[in-house]
Structure formats: structure tokens, C-alpha cells
Amino acid sequence: SRRIIKELKKSNKTLNRLSQELIAANQQLIATEEELRLQLDESEKNKDALANTHKQLETFFDFLPDPTYVVNPEGQVVMWNRAIEKLTGIRARDIIGKGNYEYAIPFFGCRKAMLIDQARPGDQTNEYINVKQKEGQKTFFTEFYSAQLGEKGTYLASKSSPLYNQHGELLGYIETLRDISARKEAEIALFESEKRYRTIIEKIEDGYYEVDLSGNYIFSNKFLSEKLGYQAEEFLKLNFRDVMDEKNQKRVRATFNRVYLTGKPVRDFECLVKGRNGREMYVESTILPIYTEGEITGFRGLARDISDRKKAEKALQRSEQNLTQQVNYLNTLIHNLNEMFFTYDLEGKIAFVNKRSYDVVGYYPEEMLGKHITDFVPAEFRNKVRAGIAERLGQGIDASYNLPVIHKDGSGRIIKLNTSPIRDTQGHIIGGMVLAEDVTERIRAERALAISEAQYRAIVEDQTELIYRSLADNTLTFVNAAYCRYFGMSREDILEKDIHPEVYWEDR
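Take a look at the structure:
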């Protein structure tokens, strides 16, 4: 029985040990299960994160502003964003998974290689003549025209390259497109404009030229080269210094420097140039800067032949000199007249007066300028003078009359006026001119003579003797009343018939 008890105790210990091991193993299993559960949870989280990242990338790809698509290494479309949907009208769901150049149909109406295929091994294409490749990379660029897109077709800029993952494994190929129709249309319009303006430049009857910063001709129209006696290709081998003397070279170079430093054009610049045959030609030029990428790289300008104008200007200068001499002569003559001379405007204000004004009315010329003619006339005559001025200027007539004036010393004077209108080059009346002579003393003498003559006439008329006056040829010029009574004829008849009394020889 002791042996049995001993065996039982031994078995009990073994059972306890096994129980402890099972409990430990169970705990280890529980821990392992927990770790697996945590790993599964982490895996689910990573899966969700990866799905979210993929979704975010798809969303980002969809909202790229440029039309973009991706193909796998087999050439099947795997991505087709919204921008390319809008450009082509093809929905992503209708093209994803398709190969065999399906992506070319919206652009060309047929299956053909596109730029995306340029990077695919063994699938090179010569469709794009102007393909450019980024140095050291498999990135390709080109521009092409799609007649399929838009009402008038569409110009597109394209860029393509392979796609690799982080381990360098090829995932596929991507092509990005951009609508450059507006730019191309502008370039075409610019080309047409340049062509049109080049045609105009060739046809204008002015010289057009362009020079670099050293003054070498890089372009000119036919008018300028032919005017100077050169063929177009010959002229482009010249420098501006070759067609002018040293004096004009310095002036032109200084003007080029001014345009270069200020960036502003110079207009109406004149210089003298010489043609191949030595013929001199005056030119008037406008010089403008030529910009290349924001930097001044030369100058352009229009050159007009003004030789005839220069000749005319010289002739005009000579004419002006002659005219100036004549004017000076006339001014000298006017200032040395014995009479007062003055001019007035349409309002009757004095515009010019010679120095004789002091002798006639007692005023110096500067005292009279700007004053009205009537300022020197007695008040009772002013309205009449104003009316006379208006009438003469209105009708453009000459006049000669006597006018009372007031001398500066307050005394009255009588001046004889000879007036004429002044006309401009179009014949319009712009004022009047007056030659004024002081006739005060002469008028007084005439009045005194008239009074004296009247007095003596009265005495003669009262005589009973026959009195007459005759010229040297015995022609009667006057007979008195007694003479008329004697012959019983009127004075007019006697003078007309030249009736003489009989004078006996012994009474002579």
C-alpha cells in the first residue's frame, strides 16, 4: 500500500506539473491570439489607410487641371482623369482597361501611337516630327494638332514619361496634355501680322532698317538699300558708318547711346548719308530700341528722304532772309515817314504806331499801344468814328478824311487820315492801317484864306467898275457883278464864252 501511495503522490506531482504547463501554455496561447488580433487590427487599419491613400491619389489625379491619362506596361488605360474626359468627351469608365491605342481615337479618329508610346520599348513612333527629350531622362515633349477636338480643331502640348514605384519597378506610362490653341492662334496671328507688316515695310516709300548694337545692318527694306545704290544682300554687309561722314557718324552713335540708356525712342532725327555713287541724301529718322528677352539688342527705325524738303527749307530761309530785309527796310521807312503811321485790330485798338505819333498827337508809341482810336477823339465824334471803322472793316474799303483829335497837351488838332484794310494770307480782314498827317495849320491857313478871299470878293463885287481876272493867255477866270450887268449876261455864260470888253487901242 505504501508503494501505491508513493506512486499516487508521484502521479499527483506529475499532474500538478502538467497542469501548470497547460495553464502556462494556455496563457501563451491567449497572448499569441491577442497579438494576432492586434496584428489583424493593424493590418485592417493599414488596408484602410492604403485604400484611403489610393482614393486620395485617385481624387488628386482626377482633379489635376491638365488632361492626363496612364497606361500599364501592356498599353491598357488604367487612369483617365476628369480634365481629359472634358477634353475628349470620353468617360473614364468607357476607356479604362482598353488597349490597342484606344486612347488615340479621340484625338486622331484612328488607332495610332501617341507620345506616351515614345517611351515604350520597341514602340517608337515617327508621327511627331518635333519630339524633344529631356537630357538624361525618358521624358518627352511635343506639340500637335487634333482636328477631332473642338469646332476648329485643337492645338495641344504633350509631355510623357514612364512611371516607376519606389523599388524602381515599371508601373506604366503617363501622358499629360495642355490646350495651347489660344497661344498657337496668337503665334499664327503674330506670324501673319509679321508677314503682313513685312509686306507693308517692303512697299512703303520710306526706308526701314534694323542694326545690332555695333551698328551693323541686320535688316532693311528694298527702298533704303536701292535708294543708296546697293543690292539688299550687299547692304546687310555694311555698318551705318559706311554710309556717312565722321561728323554724322558721331551724331548717330550718340543718338543710339541715348536710346540704349533711356529705352525711349528718338523722333525726327536728321542726318546726311551718302550712297554708293556719292550722292548725298538728307534723311529724317525715328530710332527705336529692339528688345530681346527684355534686353536692348539693337535699334530699328524709319528713314525718310527729306532732300527735297531740305532744299525747299534752304530756299525758304533765303526767302525769309530777303523778306526780313524787306521788312527791316519797310520798318525803317515807316519809322522815318513824315506822317504818323499806325495799325489797329478788328476792335479798333491800336496794334502798332511809328515814332511820328509824338509829333502829331503828343504821345509816344508805347503810350498809344492797346488803346482805342476813339480815346484820342473828342467825345462828340466817337460814335461816328466807331461806325466808320465798322463800315470800312465790314466792306473792306479805303477812305480818306479829316478827323479832329485831342493832343496830349489838351489842344485840338485836325489830322488827315488815309485808311485801308489789312488782310491775312487767306484774304480775311484782320484790321486796318492808317497814314495820318497833321493838317491843322494848313486847314487854319485855308480857312483864313477863304475868309480873306470872301472879304476881298465882297469889295470887288461892290465896285461899279468892270473888274475881271484872266490867265496869261487872256482866258477869263473871274468877273465881278458890274461886268455881268454891263454885258447883261450871267457870270457862268461870260466865263464860258470868254466875253471880253472892247478896249480901244489908244486906251491900252
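In my numbering, the protein residues as written are 11 to 518. For glycine and all other residues, C-beta sits at the position ideal for the given N, C-alpha and C. Note that the structure is a prediction, hence the values are computed from the model and not measured.
**Item:** Within 8 Å, strictly: CB atoms of leucine 97 and leucine 187
**Value:** yes
**Asked** What are the boundary residues of the beta strand (DSSP E) that aspartate 3 is part of?
**Response** No information on residue 3 is available, as it lies outside the stretch 11 to 518 that the chain covers here.
**Message:** Considering only their Cβ atoms, is the gap separating glycine 239 from arginine 286 smaller than 8 Å?
**Reply:** yes
**Message:** Could you give the first and the last residue of the continuous beta strand (DSSP E) run that contains glutamate 305?
**Reply:** 305 to 315
**Message:** Assuming valine 262 is part of the beta strand (DSSP E), what are its boundary residues?
**Reply:** Per DSSP, valine 262 belongs to no beta strand (DSSP E); it is in the alpha helix (DSSP H), 256 to 272.
**Prompt:** Thinking just about the alpha-carbon of each residue, which of Glu197, Asn231, Val221, Gly225 is nearest to the one in arginine 208?
**Reply:** Asn231
**From Thr164, Ile211, Glu215, residue whose alpha carbon lies closest to that of serine 191** = Thr164
**Message:** Once the 5 residues before and after isoleucine 363 are set aside, which same chain residues still bring their CB inside 6 Å of it?
**Reply:** Going by the sequence as given, residue 363 is valine instead of isoleucine. If we look at valine 363 and ignore the five residues flanking it on each side, its Cβ neighbours are Phe352, Pro375, Met378.
**Prompt:** On the three-state DSSP scale, how would you describe glutamate 112?
**Reply:** helix
**Item:** Between the CA atoms of proline 131 and isoleucine 198 - distance to the nearest angstrom
**Value:** 36 Å
**Asked** Would you call the segment 234 to 248 and the segment 338 to 358 in contact, with 3 or more CB pairs under 8 Å?
**Response** no
**Asked** Taking C-beta to C-beta, are leucine 200 and tyrosine 219 nearer than 8 Å?
**Response** In this structure, the beta-carbon distance from leucine 200 to tyrosine 219 does not fall below 8 Å.
**Prompt:** Does the segment 325 to 335 come close enough to the segment 427 to 441 to have 3 or more Cβ pairs within less than 8 Å?
**Reply:** With a cut-off of 8 Å, the segment 427 to 441 and the segment 325 to 335 do not count as touching, because too few Cβ pairs lie within range.
**Prompt:** Expressed to the nearest angstrom, what Euclidean distance is found between the alpha-carbon atoms of histidine 438 and threonine 265?
**Reply:** 45 Å
**Message:** Tell me the DSSP secondary structure of arginine 495 in three-state form.
**Reply:** helix
**Message:** When you compare the CB of lysine 169 with every CB in chain B, is at least one pair closer than 8 Å?
**Reply:** Absent here is chain B; the protein component of the structure consists of one chain.
**Three CB pairs or more closer than 8 Å across the segment 407 to 415 and the segment 381 to 395** = yes
**Message:** For the pair the segment 257 to 264 and the segment 303 to 317, tell me if three or more CB-CB distances fall below 8 Å.
**Reply:** no
**Asked** Going along the chain, which residues of its own chain have a beta-carbon closer than 7 Å to the beta-carbon of methionine 89, five neighbours each way excluded?
**Response** Phe71, Tyr79, Val80
**Request:** Could you tell me which of Tyr111, Ile504, Gly380 sits nearest to tyrosine 493, measuring between CA atoms?
**Result:** Ile504
**Message:** With three or more beta-carbon pairs closer than 8 Å as the criterion, would you say the segment 473 to 484 touches the segment 399 to 410?
**Reply:** no
**Prompt:** By DSSP, does leucine 60 sit in helix, in strand, or in coil?
**Reply:** For leucine 60, the pLDDT reaches just 47, beneath the cut-off of 50, and the residue's location in the model is therefore unreliable, although a value from the coordinates is still provided. Three-state DSSP puts leucine 60 in a helix.
**Prompt:** Roughly how many whole angstroms lie between the Cα atoms of aspartate 252 and glycine 225?
**Reply:** 10 Å
**Message:** So, with DSSP's three-state summary, where would you put lysine 507?
**Reply:** Three-state DSSP puts lysine 507 in a helix.
**Message:** On the criterion of 16 or more Cβ atoms from any shown chain inside 10 Å, does proline 77 qualify as buried, or is it exposed?
**Reply:** Buried, since its Cβ has 16 or more Cβ neighbours within 10 Å.
**Request:** For arginine 92, collect the residues of the same chain with a Cβ closer than 6 Å to its Cβ; drop the 5 residues on either side in sequence, then sort them by chain order.
**Result:** Asp72
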